Amino acid sequence: MKNLKTNYMGLELKSPLILSSSGLSKKTNNIITAEENGAGAIVLKSLFEEQINYMSEAALFNSIDYPEAADYIKNYSRHNSLNEYLDLIKTSVKAVKIPVIASINCISDTEWEGFAAEIEKAGAHGLELNMNVFHYDYELSSAQIEQKYFDIIEKVQASTKLPIAIKMGKTFTNLPNFIKQIKFRGIKNFVLFNRFYEPIINID
């Protein structure tokens, strides 16, 4: 059989075929099947900050009769979501021999640096970082918005030694220059392009 070995994110892969972050990569049995069919690496289904926030708010709404328990319930819901993701990493790493790359989709720099460290402890071989920082303040310049991305990257880098890939969006003012600035901060791996959720505009 022809040698298809390659290198990605500093990881040696048996083939260049990578199961990207999707619904297929959120279940261990699918991950095992992907390896059996020649995948060289797996990128786990992304953990979305928006999803965690939504679940926390939903749990909070359901506890409206017990306002004194609000903080506890919100924190429990958040940590439960994070722990479920860490469990997915652990079971996936044990189930296959190919690299397992975690993926987080963040809209802010809140707590992600700490969670990146937990991802490393769980056994992930790398981290795909998706950032979608929404801004509705018309007084912010593009440079100020880009700086928020740099801040997230630097915080995550400071908390983990895992190789990091940045999954890029396509709607930056000057994408080549933005990538150059990220490379200047030590990032060597990029995924083009991320498909972000888009805001819904009600014209009524």
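Residue numbers for the sequence shown follow my numbering, so the first one is 1 and each next one is one higher.
Built from N, CA and C at the ideal position, the CB exists for glycine as well.
For clarity, every value in this text was computed on a predicted model and none was experimentally measured.
- Under the three-state reduction of DSSP output, Gly10 falls in the coil class, being neither helix nor strand.
- Shown here, Ala41 sits in a strand according to DSSP, grouped into three states.
- In the structure shown, Ala102 falls within a strand segment according to DSSP collapsed to helix, strand and coil.
- Nearest in C-alpha terms to Glu12, of all of Thr173, Ile98, Asn202 and Glu35, is Ile98.
- Cβ contact annotation for Ile31 (same chain, cutoff 7 Å, sequence separation greater than five): Ser25, Ile42, Ser92, Ala95 and Val96, in chain order.
- The three-state secondary structure of Ile89, taken from DSSP, is helix.
- DSSP, reduced to helix, strand and coil, places Ala124 outside both helices and strands of the structure shown, so it counts as coil.
- Closest in C-alpha terms to Ile119, from the list Asn132, Ile107 and Ser103, comes Ser103.
- In this structure, Leu82 lies away from Ala122, with their beta-carbon atoms at least 8 Å apart.
- Rounded to the nearest whole angstrom, the CA to CA distance from Phe115 to Glu139 is 31 Å.
- Per DSSP, Val96 lies in no alpha helix (DSSP H) segment and is marked neither H nor E.
- At a Cβ-Cβ threshold of 8 Å, Ile101 and Ala117 do not count as neighbours.
- Note that the C-beta distance between Ser15 and Leu4 is below 8 Å.
- For Leu44, the closest of Leu88, Glu146 and Val191 by C-alpha to C-alpha distance is Leu88.
- In this structure, the beta-carbon distance from Ile153 to Ile182 falls below 8 Å.
- Nearest C-alpha to Pro163 among Ala34, Gly186 and Phe172: Gly186.
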